[in-house]
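Student:
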Amino acid sequence: MTVPTPIVAGNWKMNTDIAGGTALAAAIAAGVGAIVGVDLVVCPPFVSLAAVRDAVAGSGVSVGAQNMHADGNGAFTGEIAPPMLVGLCEYVIIGHSERRQFFGETDDSVGRKVAAAVAHELRPIVCVGETLSERESGNAAEVIRWQVTSALAELDAGDADGLVIAYEPVWAIGTGRAATPEIADQIMGGAIRSTMAAVLGLDVAAAVPLLYGGSVNAANAAEFAAVENVNGALVGGASLDAGSFLAVAVAF
Ligand code: PEP
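Heads up: the sequence shown begins at 6 in this note's numbering, then just goes up one per residue.
(1) Cβ-heavy atom distance between G218 and the ligand PEP below 7 Å?
(2) Any heavy atom of the ligand PEP closer than 7 Å to the beta-carbon of N16?
(3) With H, G and I counted as helix, E and B as strand and the rest as coil, what does DSSP make of D112?
(4) Comparing alpha-carbon positions, which option in A62, E228, T10 and V133 lies nearest A31?
(5) Who pairs with L239 in a beta bridge, going by DSSP?
(6) Does the ligand PEP have even one heavy atom less than 7 Å from the beta-carbon of I99?
(7) Considering just the uninterrupted stretch of the alpha helix (DSSP H) at P129, what are its terminal residues?
(8) Residues bridged to L205 by DSSP?
(9) From the DSSP output, which residues share a beta bridge with V97?
(10) Is L168 helix, strand or coil by DSSP?
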């Protein structure tokens with residue numbers, strides 16, 4: 006079975022202007038020589054994609070967008086279509102909990118966007134995660150299984166080559182309260198990998214990188230890197246500092 010190459014991705018969210026993003030990307034690209042066997046991805050705001058792409062060119066650092074529309078074009082003011090991202094980035098974050106919480110993203114729209122990303126040869130980093138009340142009511146694994154099933158609804162096993170799934174418990178994002186490695190292990194090895202195996206087959210599921218996200222930083226990254234089914238991290242706050250982001254990557 007293929008063991009996934011670890012991926013450490015930085016979600017810059019609505020932070021950094023073009024100059025600041027370019028400088029951050031250049032600092033990460035300058036430090037990437039110290040990272041062995043880990044793929045790095047930076048996900049700046051849309052307006053900085055071209056500048057960041059140019060700043061990391063030739064370094065091995067990849068670029069991702071933070072969202073996209075599922076349709077190829079149309080009357081959707083303010084939206085960005087998948088073909089517009091081609092050439093600017095290789096990855097796209099889909100279904101981040103902030104999109105689900107503040108912008109009406111649903112399991113159904115996530116499924117359509119994942120299929121659209123794959124169709125345009127963009128690698129979707131699909132975010133799933135339970136809220137605190139879902140965890141406290143004992144429904145975390147069920148919620149995650151449903152989110153993964155919906156995200157994969159329009160894919161065949163042959164479409165899963167570039168797929169990446171990030172487990173980001175909503176209660177751990179931006180709170181400084183990371184999940185424990187035990188929780189990551191239960192959800193990622195259990196609910197996520199087994200749901201993928203049921204849909205895509207065991208071998209395909211085993212090759213999909215699973216990232217943990219939620220208050221990952223230089224101090225706790227090694228705990229997550231030690232978990233068998235954690236193949237990297239999706240990093241928010243700590244990705245805005247090149248040294249911290251690179252330190253997370255070193256842990257994997
Ligand atoms: C995120 O929003 O994807 C994230 C993981 O944020 P943070 O690392 O800041 O919790």
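We put the CB at the ideal spot given by N, CA and C, even for glycine.
Owing to the predicted nature of the structure, the values given are computational and were not obtained by experimental measurement.
Tutor: Walking through what the data contain:
(1) Within the sequence shown, numbered from 1, the residue matching residue 218 stands at position 213. Yes.
(2) Position 11 of the sequence shown, counted from the first residue, corresponds to residue 16. Yes - the ligand PEP has a heavy atom lying nearer than 7 Å to the Cβ of N16.
(3) Taking the sequence shown and counting its residues from 1, the one referred to as residue 112 is at position 107. In this structure, D112 counts as helix in the three-state DSSP scheme.
(4) As a working mapping, residue 31 is identified with position 26 in the sequence shown. Minimum Cα distance to A31 is reached at A62.
(5) In the sequence shown, residue 239 corresponds to position 234, counting from 1. Paired residues: A14 and G218.
(6) Indexing the sequence shown from 1 puts residue 99 at position 94. No.
(7) As a first step, residue 129 must be located in the sequence shown, where it is residue number 124. Segment R128 to V133 is the beta strand (DSSP E) holding P129; no alpha helix (DSSP H) there.
(8) On the sequence shown, position 200 is the one that residue 205 refers to. Partner(s): none; L205 has no beta bridge.
(9) As a working mapping, residue 97 is identified with position 92 in the sequence shown. V97 is bridged to A70 and P129.
(10) In the sequence shown, residue 168 corresponds to position 163, counting from 1. Reduced to three states, the DSSP call for L168 is coil.
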